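In terms of my numbering, the sequence shown is residues 11 to 420.
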Amino acid sequence: MRALSTLALAGAFAVAAPAHAATYYFSDCQPGAAKGCVPGDDANDGLSPKSPKRRLESVNLNALPAGSKLLLARGGVWVQSMMIIDNPHVTAEKPLVFDAYGQGERPWLQAPGVKNAVFMFGKYNNTSYDGGYTLRNLKLDGMGTAQWGLFLIHNLHHVTIEDSEITGFHIGIHSQARGPHGVNHVVIRRNAISRNKGMGILGQFSDSVIEDNHFEGNNFSGSDYDHAIYLSGNEAGGRNNIVRRNVFRHNSVVDGVCRGGNVTMHGQMDGMLIEGNTIEQRASARSCWGFSINSGYKTAEWFRNFVIRGNTVVNLGECAFCLNASPGIVVENNRVFNDQTSAHTAVMIARGNKGPGDADDRDAVIRGNVACFPAAASSQVAVRVASHGASVSDNLTLTGDAATRGACAR
């Protein structure tokens, strides 16, 4: 199996950019390809499934007009190196699309040992504000040795990543926002982001949505510093985001016990809806936190205009919702289950975690949450809130047999 060289902007087989949007077809049949796979040829025009090219490098991706498509054969396998995608022609309305064609399994892009990322959206330290990229129906596999699956770099807008599998990397999706624009209008939905050594998603986004994804088995070491999702905010990013209807199962697990992070947010963030998500563990150490939205840096931090509602958290460690520096936060209509006998707080706002310059906790609204503790341990409570002027109402704590039925029915 031969690894491909880094994508050149115009390789030896690169074709001239068409005057109008075009669709190119690709097929490769490296080990692991489906039976009957027929490899393409870079000498083909690639304009039909009957005459596919083989390598993505055979087309100058960054010269393609807006609305162009690159379609990879289902059942095919590529051994892929880093690709730098920085196309000045694409738009939000007419994106450059990477997708699949035909029948069978998703096209499988294997990336053993790739440094940086398979899909590099831009170059490091770039200030060009390109955008309009869609990636769907692919399998990106770092084979346990690659660094990142996708890297969204500094100044970028309108990227959609959907219906794909992202596995075998250190970090599945990495976004790093910088001025003057940041990384905006990203949609990450319906993906399986699983078994990445470190994190599923890391970085800063604004005006973006992470929804209906499945995160499982990320963070092999159980480190406190790695998480299924780790979002942060600064002057370049962290505004007006949604994390909705995702499922997190058995992340940060070592020897059957969760020891690290699940969904963590630090920094300076403003505007966040966390809704309808599920975090599940079989067993957890105290260091396994659920939705951890709190200060973790030496610089000033705050979490403003946050709403957390309708989520389900099962068998986490010290707390299910672990909060501070979050003035006016709303935490409502969540369900928390804990079958363990260890100490646990369903909703905790801890003023003791406040660092220099962090926002004061005040005016929190904590209402309608249900905490279910079948073991009925004395150290298990529904709410511990240290927030000036907080409104705490209609929260329900059920223990013993009552914690297995009714409002606690699973």
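All C-beta atoms, glycine included, are put in the ideal place defined by N, C-alpha and C. These numbers come from a predicted model, not from an experiment.
Counting along the chain, where does the beta strand (DSSP E) carrying S185 start and finish?
In the sequence shown, the residue the question calls residue 185 occupies position 175. Start and end: 175-187.
Ignoring anything shorter than 3 residues, give me the beta strand (DSSP E) runs that lie fully in the stretch 116-176, in order along the chain.
118-120, 127-131, 140-146, 149-164, 166-172
Can you list, in chain order, the residues of its chain whose CB lies under 8 Å from that of P98, leaving out five sequence neighbours each side?
Within the sequence shown, the letter at position 88 stands for residue 98. Hits under 8 Å: N72, S138, D140.
Taking the straight line between their C-alpha atoms, what separation do you get for T288 and A353?
The sequence position of residue 288 within the sequence shown is 278, counting from 1. The sequence position of residue 353 within the sequence shown is 343, counting from 1. Distance between the alpha carbons of T288 and A353 is about 21 Å.
For the beta strand (DSSP E) containing A417, name the first residue and the last one.
Stepping through the sequence shown from its first residue, residue 417 is reached at position 407. Element bounds for A417: n/a, residue is neither H nor E.
Which class does A110 belong to by DSSP, given the choice of helix, strand or coil?
Residue 110 sits at position 100 when you count from the first residue of the sequence shown. Of the three classes helix, strand and coil, the one that applies to A110 here is strand, per DSSP.
Would you kindly work out how many angstroms separate the C-alpha atoms of A385 and N325, rounded to a whole number?
In the sequence shown, the residue the question calls residue 385 occupies position 375. In the sequence shown, the residue the question calls residue 325 occupies position 315. The straight-line gap from Cα to Cα measures roughly 12 Å.
Return yes when the Cβ of S294 is within less than 9 Å of the Cβ of G247, no when it is not.
Position 237 of the sequence shown, counted from the first residue, corresponds to residue 247. Position 284 of the sequence shown, counted from the first residue, corresponds to residue 294. Against a cut-off of 9 Å, the Cβ pair of S294 and G247 comes out as no contact.
Tell me the residue span of the beta strand (DSSP E) that contains S262.
In the sequence shown, residue 262 corresponds to position 252, counting from 1. S262 -> no beta strand (DSSP E), and no H or E assigned at all.
Can you tell me whether A83 is helix, strand or coil according to DSSP?
Position 73 of the sequence shown, counted from the start, is the residue given in the question as residue 83. The answer is strand: DSSP assigns A83 an E or B state.
Taking only three categories from DSSP, how would you classify L57?
Numbered from 1 along the sequence shown, position 47 holds the residue referred to as residue 57. The answer is coil: DSSP assigns L57 none of H, G, I, E or B.
Assuming contact is defined by CB atoms lying nearer than 9 Å, are Y143 and H168 in contact in what I supplied?
Within the sequence shown, the letter at position 133 stands for residue 143. Within the sequence shown, the letter at position 158 stands for residue 168. Taking 9 Å as the Cβ cut-off, Y143 and H168 qualify as a contacting pair.
Report yes or no: do the stretch 372-384 and the stretch 336-353 share at least 3 C-beta pairs separated by less than 8 Å?
yes
Which same chain residues end up closer than 6 Å to Q120 when comparing Cβ atoms and leaving out the 5 residues on each side of it in sequence?
Position 110 of the sequence shown, counting from 1, holds the residue named residue 120. Excluding residues within five positions, the ones whose Cβ falls inside 6 Å are V89, D151, M153.
With DSSP collapsed to three states, give me the class of L408.
As a working note, residue 408 is residue 398 in the sequence shown. L408 falls in the strand class under three-state DSSP.
Given this structure, state the Cα-to-Cα distance separating L57 from V128, to the nearest angstrom.
Walking along the sequence shown from the start, residue 57 turns up at place 47. Walking along the sequence shown from the start, residue 128 turns up at place 118. C-alpha separation (whole angstroms): 24 Å.
So what's A22 in DSSP terms, helix, strand or just coil?
Looking up residue 22 in the sequence shown gives position 12. With a pLDDT of only 33 at A22, under 50, the local geometry of the prediction cannot be trusted, and no value is derived from it.
When DSSP labels each residue in this structure, what does L283 get in the three-state scheme?
Along the sequence shown, read from residue 1 onward, the residue named residue 283 stands at position 273. Here L283 sits in strand by DSSP.
State yes or no: is the C-beta of G429 within less than 9 Å of the C-beta of N261?
Residue 429 lies beyond the range of the chain shown here (11 to 420); nothing can be said about it.
Candidates R269, N304, I183: closest to I239 by CA position
The residue labelled residue 239 in the question sits at position 229 within the sequence shown. Of R269, N304, I183, the residue nearest in Cα terms is I183.
Is the beta carbon of P117 closer than 9 Å to that of V69?
If you number the sequence shown from 1, residue 69 lands on position 59. If you number the sequence shown from 1, residue 117 lands on position 107. No, these two residues do not count as a Cβ contact at 9 Å.
Collapsed DSSP secondary structure at E67 in the structure displayed:
The sequence position of residue 67 within the sequence shown is 57, counting from 1. In the structure shown, E67 sits in a helix (DSSP, three-state: H, G or I).
Every unbroken beta strand (DSSP E) inside the stretch 291-315 [3 residues or more]:
301-303
Would DSSP call N229 helix, strand or coil?
The count along the sequence shown starts at 1 and reaches residue 229 at position 219. Reduced to three states, the DSSP call for N229 is coil.
Strand pairing of S388, partner residues [DSSP]:
Along the sequence shown, one-based indexing puts residue 388 at 378. For S388, which the question treats as bridged, DSSP gives no partner whatsoever.
Coarse secondary structure for A356, derived from DSSP in three states:
Taking the first residue of the sequence shown as 1, we reach residue 356 at position 346. Strand at A356.
So, are the CB atoms of E311 and A369 less than 9 Å apart?
In the sequence shown, residue 311 corresponds to position 301, counting from 1. In the sequence shown, residue 369 corresponds to position 359, counting from 1. Cβ distance < 9 Å, so E311 and A369 count as in contact.
Please classify N72: does DSSP put it in a helix, a strand, or coil?
Position 62 of the sequence shown, counting from 1, holds the residue named residue 72. Three-state result, N72: helix.
Alpha carbon of H224 to alpha carbon of T355, nearest angstrom:
The residue labelled residue 224 in the question sits at position 214 within the sequence shown. The residue labelled residue 355 in the question sits at position 345 within the sequence shown. Each residue's Cα considered, the two are about 25 Å apart.
Using CA atoms only, rank isn't needed, just tell me which of F230, I284, R269, F131 is closest to R255.
To locate residue 255, count along the sequence shown from 1; it is residue 245. The residue with the shortest Cα to Cα distance from R255 is I284.
Cβ-Cβ distance between D96 and N147 below 9 Å:
For the purposes of this step, residue 96 is taken as the residue at position 86 of the sequence shown. For the purposes of this step, residue 147 is taken as the residue at position 137 of the sequence shown. In this structure, N147 does not lie closer than 9 Å to D96 by Cβ.
Leaving aside the five residues before and after S233 along the sequence, list all residues of the same chain whose C-beta is less than 6 Å from its C-beta, in chain order.
Position 223 of the sequence shown, counted from the start, is the residue given in the question as residue 233. So the list reads G270, once near-sequence residues are dropped.
Using DSSP's beta-bridge definition, name the partner residues of Q278.
The sequence position of residue 278 within the sequence shown is 268, counting from 1. According to DSSP, Q278 bridges with W312.
Return the CA-CA distance between C39 and L80, expressed in angstroms with no decimal places.
One-based indexing of the sequence shown puts residue 39 at position 29. One-based indexing of the sequence shown puts residue 80 at position 70. Taking the straight line joining both Cα atoms gives about 17 Å.
Best match in C418, N136, K149 for proximity to L162 [C-alpha to C-alpha]
Taking the first residue of the sequence shown as position 1, residue 162 is located at position 152. When only C-alpha atoms are compared, the closest one is N136.
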